[in-house]
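The structure appears below as structure tokens.
Chains as they are written, first to last, in our numbering: chain A, 117 to 408; chain B, 117 to 408.
Structure below.
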């Protein structure tokens with residue numbers, strides 16, 4: 117017997133996941149107290165059940181204590197196992213000390229989740245220096261790939277695309293999508309200075325002026341890199357690009373920034389609830405769930 | 117060799133603590149990223165040192181990940197021990213399931229801190245159903261009492277006081293202060309419905325109309341209880357009271373609410389930085405630190 121709970125802002129995806137399975141729908145309340153403390157209240161029986169919690173981990177600091185309270189409490193109530201479904205997994209970027217004295221938060225956060233959950237399922241985690249989830253997660257970690265869903269969306273919606281990766285980190289991922297749709301691709305180089313300032317070098321792209329540029333990235337956060345890239349592509353004479361992000365984090369005014377940069381359209385997967393969600397991952401997530 | 121770090125808003129108390137000891141002052145940066153993640157950066161060597169972190173735990177959800185990152189990182193860098201000095205300790209009030217399905221957050225939070233720190237020092241934690249810190253903390257927990265510092269302040273500043281405890285939970289504590297200053301005291305009864313709505317029953321207080329009422333509580337948060345009490349006392353013909361809180365949490369508009377309720381003065385200990393801080397705890401904290 118399995119039961120799925122979801123934290124606020126994850127209800128739409130939860131509904132879709134439930135439509136594909138026999139899982140029971142769990143009910144939960146989140147309580148935020150005026151003094152900055154919080155609590156959860158689990159309204160469905162979990163005894164002798166496999167419990168799943170759907171909670172995307174954008175803004176993870178706001179959710180960490182609630183995750184802890186949830187996991188411990190369903191165990192108190194006799195859950196057989198607790199699986200975290202975090203379509204977007206936070207704290208994957210600080211995978212080394214960029215400056216002396218910093219915490220390697222990707223590792224510490226992984227230990228925190230591993231200590232409290234029995235299994236984690238996520239979509240395209242930002243693996244860079246860590247080559248796999250098992251380097252930092254001690255619990256089984258299931259990775260769902262968004263590539264096929266993105267491929268399907270591009271084939272259905274865009275004719276004559278050229279895929280563009282915003283930096284070297286996206287190379288392998290963008291080339292995989294490009295090969296599946298038999299489209300050309302370009303990977304740009306990014307020079308980052310500080311959290312926010314980003315320069316982009318755009319190679320010779322004139323030969324793709326007849327194509328529809330499709331910018332692909334795993335995370336769109338402040339969107340500065342992508343917005344700069346859009347401007348460079350436009351200056352190089354390309355058509356207004358389609359921007360696709362797996363994870364629509366959109367920190368600060370990132371969404372406004374990108375919308376005003378000269379894009380044709382912004383599209384994201386539904387790992388984080390956002391009005392740009394066009395690419396549904398629920399089927400892919402359920403396949404992985406049922407596989408194990 | 118010992119070194120003291122402090123999180124933002126704890127610098128004033130840190131400065132006072134340092135003035136009483138030979139402890140080294142540690143330097144740390146806190147970084148909050150636009151996407152809701154955070155990190156710390158430790159700028160002082162901690163290898164082979166006993167590390168102390170001063171961080172009052174009002175608004176604990178905002179600080180929990182930073183505490184985790186700090187504790188793990190100083191251990192990475194070879195700290196001999198990590199002691200958390202949390203003059204105000206959050207999550208002490210949910211010490212049972214008030215409703216079915218809730219997390220007992222006091223216990224879970226205690227385990228979280230116990231897993232990451234070697235020792236904790238706090239001031240008058242809100243112990244109610246838990247009779248001692250050791251019921252929920254598995255690490256050594258040192259409790260500093262504010263009573264003596266409050267006694268000294270009342271003796272120095274108020275003539276002919278009558279002490280008033282706002283509810284039964286404060287009974288033992290208010291009676292202790294009252295006995296030390298040889299003043300009379302009254303303990304009221306509180307009827308709470310929900311987070312915010314509070315009714316107060318005020319017994320016959322007319323006989324103290326010549327006294328200066330001193331309302332004492334451990335935590336002043338939304339201040340609704342205390343503000344209601346002030347109004348009741350005023351209606352009963354008492355002088356405008358002095359309100360003393362150990363911990364000036366002042367959630368939401370609590371401070372404004374209390375100021376406008378008809379008080380003479382609001383005074384707090386410096387466990388949480390606030391403009392009402394008049395009663396210094398640093399000497400008491402240092403005594404406990406040096407004792408161990």
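All C-beta atoms in this analysis are idealised placements derived from N, C-alpha and C, irrespective of residue type, glycine included.
As the structure is a computational prediction, the values presented were derived from the model and not from experiment.
Query, Result
"Note down, in chain order, all residues in the stretch 153 to 179 of chain A with a beta-carbon under 7 Å from any beta-carbon belonging to chain B.", "153, 154, 155, 156, 157, 158, 159, 174, 175, 176, 177, 178"
"Leaving aside the five residues before and after residue 159(B) along the sequence, list all residues of the same chain whose C-beta is less than 8 Å from its C-beta, in chain order.", "142, 143, 144, 145"
"Please state the DSSP three-state secondary structure of residue 323(A).", "helix"
"Residues bridged to residue 154(A) by DSSP?", "148(A)"
"Can you give me the C-alpha to C-alpha distance between residue 205(A) and residue 250(A), rounded to a whole angstrom?", "14 Å"
"Using a Cβ cut-off of 8 Å, pull out every chain B residue sitting near residue 288(A), in sequence order please.", "By Cβ distance, chain B contributes nothing, its closest Cβ being about 23 Å from residue 288(A), past 8 Å."
"Answer yes or no: does any C-beta atom of chain A fall closer than 9 Å to that of residue 225(B)?", "yes"
"Is the Cβ of residue 284(B) closer than 9 Å to any Cβ of chain A?", "no"
"In chain order, which continuous runs of the beta strand (DSSP E) of length 3 or greater are located wholly inside the stretch 227 to 270 of chain A?", "235 to 239, 257 to 260"
"For residue 197(B), which residues of its own chain have a beta-carbon under 6 Å away from its beta-carbon, when the five flanking residues on both sides are left out?", "166, 234"
"Rounded to whole angstroms, what's the CA-CA distance from residue 340(B) to residue 370(B)? Just pull it up for me.", "7 Å"
"Rounded C-beta distance between residue 335(A) and residue 242(A)? I'm assuming under 8 Å.", "6 Å"
"In angstroms with no decimal places, state the Cα-to-Cα distance between residue 179(A) and residue 346(B).", "37 Å"
"Could you confirm whether any beta carbon from chain B is found closer than 9 Å to the beta carbon of residue 206(A)?", "yes"
"Can you name the residues of chain B whose CB is closer than 7 Å to the CB of residue 184(A)?", "224, 228"
"So, for residue 130(B): in the same chain, excluding its five sequence neighbours on each side, which residues have a beta-carbon less than 7 Å away from its beta-carbon?", "120, 122, 170"
"Within 10 Å of its beta-carbon, does residue 117(B) have 16 or more other beta-carbons around it, so buried, or fewer, so exposed?", "exposed"
"Kindly list, in the order they appear in chain A, the residues whose Cβ is closer than 9 Å to that of residue 203(B).", "Within chain A, no residue comes near residue 203(B); the closest Cβ sits about 15 Å away, beyond 9 Å."
"Identify the continuous alpha helix (DSSP H) that holds residue 290(B) and give its terminal residues.", "287 to 297"
"When you compare each of 269(A), 266(A), 226(A), 264(A) to residue 248(A) by their alpha carbons, which one comes out closest?", "226(A)"
"Looking only at its own chain, which residues have a Cβ that is under 7 Å from the Cβ of residue 221(A), when we skip the five neighbours before and after it?", "207, 210"
"Kindly list, in the order they appear in chain B, the residues whose Cβ is closer than 7 Å to that of residue 217(A).", "157, 158, 159"
"Pull out every residue of the stretch 360 to 374 of chain A whose Cβ sits closer than 7 Å to any Cβ of chain B, in chain order.", "365, 367, 368"
"Beta-carbon within less than 6 Å of residue 187(B)'s beta-carbon, same chain only, minus the 5 sequence neighbours each way: which residues are those?", "198, 232, 233"
"Whose CA, out of 236(A), 269(A), 246(A), 245(A), lies closest to the CA of residue 256(A)?", "236(A)"
"Which of the three DSSP states, helix, strand or coil, is assigned to residue 142(A)?", "coil"
"Identify the continuous alpha helix (DSSP H) that holds residue 123(A) and give its terminal residues.", "Note, residue 123(A): premise wrong, no alpha helix (DSSP H); not H, not E."
"Using 9 Å as the threshold, is the C-beta distance between residue 230(B) and residue 193(B) below it?", "no"
"Using the beta-carbon count (16 or more within 10 Å), is residue 331(A) buried or exposed?", "buried"
"Could you check which residue in 137(A), 148(A), 140(A), 136(A) has the C-alpha nearest to that of residue 124(A)?", "148(A)"
"What residues in its chain sit with their C-beta under 8 Å from that of residue 324(A), if we drop five residues either side in the sequence?", "278, 300, 302, 354"
"For residue 304(A), which of helix, strand or coil comes out of DSSP?", "coil"
"Determine the closest residue to residue 281(A) out of 156(A), 163(A), 291(A), 162(A), with distance taken between C-alpha atoms.", "291(A)"
"Following the continuous beta strand (DSSP E) through residue 355(A), name the residue where it begins and the one where it ends.", "Careful: residue 355(A) lies outside any beta strand (DSSP E) and carries neither H nor E."
"Closest to residue 150(B) by CA distance: which of 393(A), 366(A), 152(A) is it?", "366(A)"
"Should residue 283(A) go down as buried or exposed, given a rule of 16 or more other Cβ atoms within 10 Å for buried?", "buried"
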